[in-house]
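First up is the structure itself, then whatever we jot down about it.
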Amino acid sequence: MTSTPLPSRRCRWLLSALLLWAGAAQAGIEVEVLGLEGVEKDNVELRLRIRAAAQSPDLDDLLVEGLHARAGEDIRGALQPFGYYSPKIESVLEGQAPDWKARYTIDKGLPTLITRIDVEVEGEGQKDRIFRRVFRRFPLTTYERLQHSQYEEAKTRLAQAAYAEGYLDAAFVSSQLRVNPEERSAEIELILSTGPRYFFGPVTVEQTNLKPGIAERYVTIEPGEPFDPQKLVDTQFALTDLDYFQSVEIDPQREQAKDQRIPMLIRTTPRPKRKWDFGVGYGTDTGARASVANDVRYFNREGHKLHAEVQLSQIKNNASGEYRVPLGRKPGEYWGFGGAVQTERYEDGESLKYVLNTSLNRFPGHWKRKWYLSFEHEESELSDRVQTADLLMPGIELNRSELNDQILTRRGWALFLDSHGAQKGALSSASFVQAHGILRGVYPWSRKGRVLGRIEYGANIVDDFSDLPASQRFFAGGDQSVRGYSYQSIGPKDADGKVVGGKFLAGFSLESDYYFWDKWGAAVFYDAGGADDDVMPKLFQGIGIGARYRSPVGYIQADVAHPLDGGESGLRLHLGIRVGL
């Protein structure tokens with residue numbers, strides 16, 4: 046007979062612990078809430094203590110019964126913010142350790158109605174117009190269902206309105222919500238005392254990198270004006286946008302206020318004087334590309350700036366520089382003086398251009414406007430014709446955009462307009478006037494999808510088209526024009542079939558994308574465009590599909606397009622990055 050050895054004391058202890066742990070791990074309460082939907086049900090489930098403890102390892106019959114007994118209190122408290130003060134609750138607890146099931150069937154009953162609202166504003170700001178605007182859109186109405194969130198919103202609106210108008214000591218001397226559950230009625234009393242109105246006092250800007258008075262031009266705070274917190278935000282953004290300062294801190298020194306005039310101290314820390322930017326990439330229209338840019342943020346204590354940039358690619362090359370003298374009281378407004386050397390390859394030619402220019406950049410309203418005067422010496426070859434041209438061109442450029450995001454845009458539009466020209470004999474070898482405009486838009490048709498559109502038109506009014514150099518002619522085709530065709534391959538051709546460009550340009554694009562997985566999506570598109578000597582150029586069409594990746598620097602695009610016109614066939618790959626529109 047073989048005997049089985051008994052487990053040691055340590056083994057017996059471990060076995061008991063494992064059995065206890067297994068039993069505790071399986072213990073739990075199944076909680077079911079019936080009769081409610083939406084936010085009311087969500088709030089009840091959130092407030093139920095028995096539900097919060099459902100997976101606790103310390104559950105036993107005594108604890109569960111205690112939590113179940115307090116469930117009615119939890120449910121009533123959860124429904125009161127929605128105006129239901131007398132719900133009927135049927136509570137059932139079944140089972141025993143380690144498994145319980147709690148079920149609560151709720152009839153929330155009739156809502157409590159607001160029967161009286163007394164709202165008053167006392168003090169110096171009693172007759173301020175901002176409170177009349179608040180009352181016109183007040184969230185509380187008599188004989189509507191009481192909702193605590195609307196009561197709190199009403200208090201917040203009154204307090205924020207007072208603060209926005211400079212009543213910094215405003216406070217509620219009475220804020221009462223009186224509820225009678227038996228009568229299902231509620232009375233609200235709000236009395237706000239505004240206290241005195243405060244004003245901006247003297248403004249001091251602490252900075253070391255600029256001459257006194259330069260940064261002050263961009264401060265929107267005016268001594269003597271009513272204290273306005275929005276002016277603080279506007280000033281902070283304006284000084285930050287100048288790119289002179291690493292940080293901007295505005296300190297209202299209220300403890301030093303005299304006669305309700307608050308001294309304003311603006312502290313700044315300077316940015317490094319120089320900034321370098323480097324870039325590499327690839328695009329179907331440019332081929333491989335690289336760039337380097339250098340900005341001197343403050344060339345001198347007057348705040349003048351210097352920008353220099355070199356861009357190299359297989360299609361276009363550019364080396365440029367500009368000296369910028371800040372103007373006015375808006376960041377980004379300046380007088381610029383610059384020059385550039387540019388080369389570009391066309392479908393059947395190339396050009397070399399030397400540029401000297403000056404520009405006046407302003408922001409009237411929501412527009413960005415640039416008046417400019419540019420002198421260009423261009424040596425170009427299209428087909429077999431070599432041409433040298435000099436052009437002195439005054440012009441104006443207008444830009445406006447309304448985008449929800451400057452990089453990953455889901456809703457908005459952008460408009461670009463440019464017009465310039467030259468007069469033969471006035472330092473110019475050709476007479477012409479050119480106008481060019483592009484309108485782009487994007488609209489979300491679902492949470493994950495967008496539709497994008499583009500309309501483009503350009504026109505040259507010219508005495509002798511043969512006098513126009515390549516850079517002033519219109520071409521179509523490529524990533525930003527008509528996908529399915531190579532870069533600038535669409536346009537009038539000479540007797541040898543080589544593209545020489547046209548007087549007029551027209552383009553249209555419609556695209557829809559949808560993001561299936563977080564940052565990954567797909568797109569379908571239709572492009573049409575053409576360059577011709579007719580006012581309405583013949584449109585070459587292309588259709589295709591693409592892949593999209595939403596990156597921090599923009600939408601990375603890989604498109605496969607099929608041309609529909611011009612004897613073209615096959616598929617063409619287009620790669621690029623879309624920033625904004």
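So the sequence shown is residues 46 to 626, counted in the working numbering.
Ideal Cβ positions, reconstructed from N, Cα and C, are used throughout, including at glycine.
Keep in mind that this is a model prediction, so the values were computed, not measured.
- Query: By Cβ distance, which residues of its chain are closer than 7 angstroms to phenylalanine 344, with the 5 residues on each side in sequence left out?
  - Reply: Lys350, Leu351
- Since I believe glycine 377 is in contact with threonine 403 (beta carbons under 8 angstroms), could you give me their beta-carbon distance rounded to a whole number of angstroms? So it is not a contact: roughly 17 angstroms between Cβ atoms.
- Looking at the unbroken alpha helix (DSSP H) that takes in histidine 193, where does it start and where does it end? 193-209
- Looking only at DSSP bridge pairs, what is valine 496 linked to? Tyr488, Ser557
- Item | Of the residues Ser557, Leu472, Leu584, the one placed nearest serine 526, counting alpha carbons only | Leu584
- Message: Going by DSSP, what residue range makes up the beta strand (DSSP E) through arginine 39?
- Response: Only positions 46 to 626 of the chain appear in this structure, which leaves residue 39 out of reach.
- Query: serine 554 to valine 496, Cα distance in whole Å?
  - Reply: 11 angstroms
- Item | Residue range of the unbroken alpha helix (DSSP H) whose run includes glutamate 169 | Segment: none, glutamate 169 is in no alpha helix (DSSP H) and carries neither H nor E.
- Task: Measure the alpha-carbon distance for tyrosine 263 versus glutamate 210 and round it to whole angstroms.
- Result: 22 angstroms
- Task: Look at the alpha carbon of threonine 157 and the alpha carbon of serine 491, and state the distance between them as a whole number of angstroms.
- Result: 38 angstroms
- Message: Can you tell me where the alpha helix (DSSP H) holding phenylalanine 282 begins and where it ends?
- Response: 274-286
- Task: Count the CB pairs spanning the region 406-416 and the region 383-390 that are closer than 8 angstroms, and state whether there are at least three.
- Result: no
- Message: Can you confirm whether the region 599-617 touches the region 525-543 when touching is taken to mean that 3 or more C-beta pairs between the two stretches lie within less than 8 angstroms?
- Response: yes
- Message: Are the CB atoms of aspartate 163 and glycine 80 within a distance shorter than 7 angstroms?
- Response: no
- With C-beta atoms as the reference, is valine 166 less than 7 angstroms away from phenylalanine 180? no
- Which listed residue (Lys469, Ala206, Ser220, Leu222) has its alpha carbon closest to that of arginine 242: Ala206
- Rounded distance between the beta-carbons of glycine 566 and aspartate 572, thought under 8 angstroms: Not quite, the Cβ-Cβ distance comes to about 19 angstroms (not below 8 angstroms), so this is no contact.
- Task: Taking only the alpha-carbon atoms, compute the straight-line gap between histidine 619 and valine 293 and give it to the nearest angstrom.
- Result: 43 angstroms
- Message: For aspartate 450 and valine 487, what's the separation of their Cα atoms in angstroms?
- Response: 11 angstroms
- Limits of the alpha helix (DSSP H) - the one that asparagine 88 falls within: 83-92
- Item | Length of the line joining the Cα atoms of alanine 147 and leucine 155 | 25 angstroms
- If you run the structure through DSSP and keep just helix, strand and coil, what is phenylalanine 408? coil
- Message: According to DSSP, simplified to helix, strand and coil, what is alanine 515?
- Response: helix
- Keeping to the same chain, check which residues put their C-beta closer than 6 angstroms to that of alanine 67; ignore five residues upstream and five downstream. The predicted position of alanine 67 is uncertain, since its pLDDT is 42 and thus under 50; a value taken from the coordinates is nonetheless stated next. None.
- Message: I want to check one thing, is the minimum distance from the CB of leucine 138 to the heavy atoms of the ligand MN below 6 angstroms?
- Response: In terms of ligand content, the structure shown is empty, and the ligand MN therefore cannot be addressed.
- Message: Check whether the region 299-317 and the region 495-515 touch, using three or more Cβ-Cβ pairs below 8 angstroms as the test.
- Response: no
- Query: Quick one: Cα of valine 355 to Cα of valine 325, how far?
  - Reply: 12 angstroms
- Query: beta strand (DSSP E) containing glutamate 270: first to last residue?
  - Reply: Here glutamate 270 belongs to no beta strand (DSSP E), and DSSP marks it neither H nor E.
- leucine 91 vs histidine 113 beta-carbon contact at 7 angstroms: no
- Count the CB pairs spanning the region 424-431 and the region 575-591 that are closer than 8 angstroms, and state whether there are at least three. no
- Just reading off the beta strand (DSSP E) that glycine 326 is part of, what are its end residues? 319-328
- Item | Closest by C-alpha distance to alanine 215, when choosing among Glu267, Val89, Leu235 | Leu235
- Message: Could you tell me the alpha carbon to alpha carbon distance between tyrosine 391 and asparagine 363, rounded to whole angstroms?
- Response: 15 angstroms
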